[in-house]
Amino acid sequence: AIVFAGDYVDKGSTSSSVLAFVRELQTTFRDNVVSILGNHDFFQVLDAALEYDGESNPHPLRHPQHDYAYSFVHPEEYVESGYSPSRDDDEELMKAIHDALQYVYDRRMEGDVRVCTTDYCVKDAEAGNADLFTSVPPFLNDEDLANKARERLLTWRNEYAQGLYDTGLLHWMVEQPLLALVGDTLLVHGGLGQNIVSYAQKVGDKKGLSVEDALYDLTNRPFTSFFKEGLNDAKGEGESGVANSIKGRMKEGFAFEIILNIVQHRGYFDKQTGCQEVESVLSYLQGEKINRICVGHTPRDYAEELCGGKLLASDSSLSRSFRAYGNHYCPLNDLYKNDAMGQSCSMAEFVDKCDGSVSLLIRESPEHEWPARVQHLTMNELMDLGETLDEL
Numbered sequence: 106a107i108v109f110a111g112d113y114v115d116k117g118s119t120s121s122s123v124l125a126f127v128r129e130l131q132t133t134f135r136d137n138v139v140s141i142l143g144n145h146d147f148f149q150v151l152d153a154a155l156e157y158d159g160e161s162n163p164h165p166l167r168h169p170q171h172d173y174a175y176s177f178v179h180p181e182e183y184v185e186s187g188y189s190p191s192r193d194d195d196e197e198l199m200k201a202i203h204d205a206l207q208y209v210y211d212r213r214m215e216g217d218v219r220v221c222t223t224d225y226c227v228k229d230a231e232a233g234n235a236d237l238f239t240s241v242p243p244f245l246n247d248e249d250l251a252n253k254a255r256e257r258l259l260t261w262r263n264e265y266a267q268g269l270y271d272t273g274l275l276h277w278m279v280e281q282p283l284l285a286l287v288g289d290t291l292l293v294h295g296g297l298g299q300n301i302v303s304y305a306q307k308v309g310d311k312k313g314l315s316v317e318d319a320l321y322d323l324t325n326r327p328f329t330s331f332f333k334e335g336l337n338d339a340k341g342e343g344e345s346g347v348a349n350s351i352k353g354r355m356k357e358g359f360a361f362e363i364i365l366n367i368v369q370h371r372g373y374f375d376k377q378t379g380c381q382e383v384e385s386v387l388s389y390l391q392g393e394k395i396n397r398i399c400v401g402h403t404p405r406d407y408a409e410e411l412c413g414g415k416l417l418a419s420d421s422s423l424s425r426s427f428r429a430y431g432n433h434y435c436p437l438n439d440l441y442k443n444d445a446m447g448q449s450c451s452m453a454e455f456v457d458k459c460d461g462s463v464s465l466l467i468r469e470s471p472e473h474e475w476p477a478r479v480q481h482l483t484m485n486e487l488m489d490l491g492e493t494l495d496e497l
């Protein structure tokens, strides 16, 4: 099987294309391709499917992720996706947004600045955080530019959400699991904490379910059920549906809280207690013949087996076409670059090919130890190898 561990939405300007590619593979080879959601993807579902405001029906995380300067959608994604019509001032406004973000990154203020397109975000920013469009150049002393950029960004965000809906990508995303069992391996983006598995065991005991089935009942089932029903009910004036129209919230049990935990968990990588937690979680799953856990979420130089082969850390940073402190949103399109980019972006290493690595870990059979053979290739080495094979 081919297994995708999530975070298809990940700071590049082609996230919607990545989603479409994975969907095509998964729907074409249903028995051979498994694709779970990562935290970035889960947040994108929340931002695109739910209706929210700052007062009567707030976002479940208080703010959508795109309100943060370190959010997961690159600004250029909005115009590169094809979900928005081309407008004469796109280049001017996108460049201004990039310039403002570079100012923020150079001063390492990304945790203190909101990219607000709504009144309630602005009010919250005034109470404790700065608003990009009122506090940062080139918007600081140019109210007209700030208003145009804010309005356009809101339009882009709305059109992007609607594009995900209209293409069926949003519907496909909510049908993907948060965790899955592949062979003898439990696949989850962040990880399962001992407290989550312990709770699942108690729920399973009450309902007569295995721990595995209880975990499914606490995560995959309520997630898919809630959002499928909500999206199917999202009818507009015509026959087409409307994004950002689900007024309700996931309230079954602790599904939302558990999902939020398992897509962001990093406890397995604690040098003191990580492997103990892995061992403990697997002990709850012994009856399910699960021998190891595969996670993404926590970037490393290579995919590695840890904890005596019981943990596969699969995130090898294979997603970004540039590297810089904090993976900032440096301009990717030459049209949006200025002559003197901010320090954080001018120091970034732009590469023509994907950065990261591919790791090949092989065992002879499920009965043998992992791994029998290991080979690490950077993405450039792998692509060069492919070009050499093509020539031969």
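In the numbering used here, the protein residues as written are 106 to 497.
By construction, the Cβ of each residue, glycine as well, lies at the ideal position given by its N, Cα and C atoms.
Owing to the predicted nature of the structure, the values given are computational and were not obtained by experimental measurement.
Residue i, DSSP secondary structure in three states
| i | result |
| --- | --- |
| Asp236 | strand |
| Phe374 | helix |
| Tyr208 | helix |
| Ser121 | helix |
| Ile395 | coil |
| Gly447 | coil |
| Gln480 | strand |
| Arg213 | coil |
| Gly353 | coil |
| Arg405 | coil |
| Val383 | helix |
| Val400 | strand |
| Ala251 | helix |
| Glu231 | helix |
| Leu417 | strand |
Sheet register partners of residue i (DSSP bridge)
| i | result |
| --- | --- |
| His164 | Arg167 |
| Phe109 | Ser140 |
| Ser464 | His481 |
| Leu155 | Ile351 |
| Arg128 | Answer by DSSP bridge pairing: none, since Arg128 is not bridged. |
| Ala201 | Bridge partners of Ala201: none, in fact. |
| Arg219 | Tyr173, Asp236 |
Proximity of residue i and residue j at Cβ, strictly below 9 Å
| i | j | result |
| --- | --- | --- |
| Cys412 | Gly379 | yes |
| Ala174 | Leu237 | yes |
| Ala110 | His294 | yes |
| Pro169 | His203 | no |
| Ile141 | Ala285 | yes |
| Gly159 | Thr119 | no |
| Val241 | Tyr208 | yes |
| Val139 | Pro282 | yes |
| Lys312 | Asp322 | yes |
| Leu198 | Leu258 | yes |
| Arg262 | Tyr157 | no |
Among the options, nearest to residue i - alpha-carbon criterion
| i | options | result |
| --- | --- | --- |
| Phe328 | Asp146, Gln267, Val218, Tyr113 | Asp146 |
| Tyr210 | Val279, Ser449, Glu472, Glu486 | Ser449 |
| Glu486 | Ser470, Ser464, Asp158, Phe134 | Ser464 |
| Leu320 | Ala305, Asp152, Lys311 | Ala305 |
| Gly353 | Ile141, Thr132, Ile107, Pro163 | Pro163 |
| Ser388 | Ser303, Gly358, Ile367 | Ser303 |
| Gln381 | Ile398, Asn366, Gly233, Asp318 | Ile398 |
| Asp271 | Arg219, Asn443, Gly346 | Gly346 |
| Gly288 | Asn234, Trp261, Lys394 | Lys394 |
| Met355 | Glu334, His370, Ile367 | Glu334 |
| Val279 | Glu256, Arg326, Ala254, Gln267 | Arg326 |
| Phe359 | Phe374, Arg213, Ile301 | Ile301 |
| Val127 | Asp112, Gly117, Lys116 | Asp112 |
Residue-chain proximity (residue i, chain B), Cβ-Cβ < 9 Å
| i | result |
| --- | --- |
| Glu215 | In the structure shown, chain B does not exist; there is a single protein chain. |
message = Going residue by residue through the segment 273-301, where are the continuous alpha helix (DSSP H) segments of at least 4 residues, counting only ones entirely within it?
response = Entirely contained in the segment 273-301, the alpha helix (DSSP H) runs reaching 4 residues are, in chain order, 274-279.
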